[in-house]
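Asks:
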Amino acid sequence: SGEPVARFALVVDGVAHAAFDALGERLLAGDGRRLRGWRLGAGAEGALVVGRPGSGAISAASAVGELFVLGRERGGLELWDPLLGLRLNWRTHESTVRALAGAPDGSGFASGGQDGSVALWRLRGDAVARLPRHVGEVSALAFSPDGLQLAVSSEGPDLDALELAEDSPLRAGLPGLPA
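Numbering (our numbering), first residue to last: -19 to 159.
(1) From which residue to which residue does the beta strand (DSSP E) around Leu15 run?
(2) Round the Cβ separation of Phe123 and Pro84 to the nearest angstrom and send it over; I've been treating them as touching at under 8 Å.
(3) How would you call Phe0, buried or exposed, if buried means at least 16 neighbouring beta carbons within 10 angstroms?
(4) Assuming Val44 contacts Gly82 under a Cβ cut-off of 8 Å, what Cβ separation, rounded to an integer in Å, is found between them?
(5) For Ser(-19), does the three-state DSSP call read helix, strand or coil?
(6) Under DSSP, the beta strand (DSSP E) around His114 begins and ends at which residues?
(7) Can you check which of these residues, Asp138, His(-3), Ala90, is closest to Glu74 by C-alpha distance?
(8) With DSSP run on the structure shown, which of helix, strand or coil describes Leu7?
(9) If you measure between the beta carbons of Thr76 and Gln94, is that distance less than 7 Å?
(10) Confirm, please, whether the CB-CB distance from Ala41 to Arg50 is below 7 Å.
(11) Would you say Arg6 faces chain C, with C-beta separation under 7 Å as the test?
(12) Using the three-state DSSP reduction, which class does Glu58 fall into: helix, strand or coil?
(13) Nearest CA to the CA of Glu46: which residue from Gly86, Trp70, Arg67?
(14) Taking its Cβ as the centre, do 16 or more other Cβ atoms sit within 10 Å of Gly(-18), making it buried, or is it exposed?
(15) Give me, in chain order, the residues of the same chain whose beta-carbon lies closer than 6 Å to that of Leu111; leave out the 5 immediate sequence neighbours on both sides.
(16) For Val132, does the count of other Cβ atoms within 10 angstroms reach 16, so buried, or fall short, so exposed?
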């Protein structure tokens, strides 16, 4: 029907990023400096702390299963547990992170950078694959529901759908997929 089912007061200057967790139980929103999250159905009492000021500008955010991944201006990637308000780990992307996408099964994510780089990550571990560099800044990423394709948008009018062949070494590195 398009009617709001909930409205949340943000302590931020407008919304630049928003994401639901994989179960649809938590919502994350932020303005580039800080993020805030909520347990849906819990109202103001359900407020979650995610992302601390002073750790660099937040340039991208996405859900990965029940967790959230944040991209930072200086190339940092942070994995957060919104229920505990804790940063679980920190990784480094090659450049400022401009786009993030969680794998459909919640086992990993893709990050895209200002320099055209795209990397695939497992939740526990380092980058498992680096895709060929795109022309210009990566502006959007999205996994197909089966996780076999990754859509990559960068400067220009084109959107690339990258399919990983069964015998491709990249498919073995794609989060959540068997080799």
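Using N, Cα and C, we set each Cβ at its ideal position, and we do this for glycine too.
Replies: Inspection of the coordinates gives the following:
(1) Your numbering for residue 15 matches position 35 in the sequence shown. Taken as a continuous stretch (DSSP letters only), the beta strand (DSSP E) holding Leu15 covers 15 to 19.
(2) Taking the first residue of the sequence shown as position 1, residue 123 is located at position 143. Taking the first residue of the sequence shown as position 1, residue 84 is located at position 104. That belief holds up - the Cβ atoms of Phe123 and Pro84 are roughly 6 Å apart, short of 8 Å.
(3) Here residue 0 corresponds to residue number 20 of the sequence shown, with the count starting at 1. Its Cβ having fewer than 16 others within 10 Å, Phe0 is exposed.
(4) As a working note, residue 44 is residue 64 in the sequence shown. As a working note, residue 82 is residue 102 in the sequence shown. Going by Cβ atoms, the distance from Val44 to Gly82 rounds to 4 Å, so yes, they are a contact pair.
(5) Residue mapping note: residue -19 aligns to position 1 of the sequence shown, counting from 1. Three-state DSSP puts Ser(-19) in coil, outside helix and strand.
(6) Counted from its first residue, the sequence shown places residue 114 at position 134. Per DSSP, His114 belongs to no beta strand (DSSP E) and is neither H nor E.
(7) Position 94 of the sequence shown, counted from the start, is the residue given in the question as residue 74. Of the listed residues, the one whose Cα sits closest to Glu74 is Ala90.
(8) In the sequence shown, residue 7 corresponds to position 27, counting from 1. Of the three classes helix, strand and coil, the one that applies to Leu7 here is strand, per DSSP.
(9) Sequence index remark: in the sequence shown, residue 76 carries index 96 (1-based). Sequence index remark: in the sequence shown, residue 94 carries index 114 (1-based). Yes, the Cβ-Cβ distance between Thr76 and Gln94 is below 7 Å.
(10) By 1-based counting over the sequence shown, the position of residue 50 is 70. By 1-based counting over the sequence shown, the position of residue 41 is 61. One point to set straight first is that residue 50 is Leu, not Arg, in the sequence displayed. The answer is yes: Cβ separation under 7 Å.
(11) The structure shown contains no chain C; it holds only a single protein chain.
(12) On the sequence shown, residue 58 is found 78 positions in, with the first residue counted as 1. Looking at Glu58 - three-state DSSP - the assignment turns out to be strand.
(13) Locating residue 46 in the sequence shown gives position 66, counting from the first residue. Ranking Gly86, Trp70, Arg67 by CA distance to the CA of Glu46 puts Gly86 first.
(14) Along the sequence shown, read from residue 1 onward, the residue named residue -18 stands at position 2. So Gly(-18) ends up on the exposed side.
(15) Taking the sequence shown and counting its residues from 1, one reaches residue 111 at position 131. Result list for Leu111: Val98, in chain order.
(16) Translated into positions along the sequence shown, residue 132 becomes position 152. Answer is buried; the Cβ neighbour count reaches 16.
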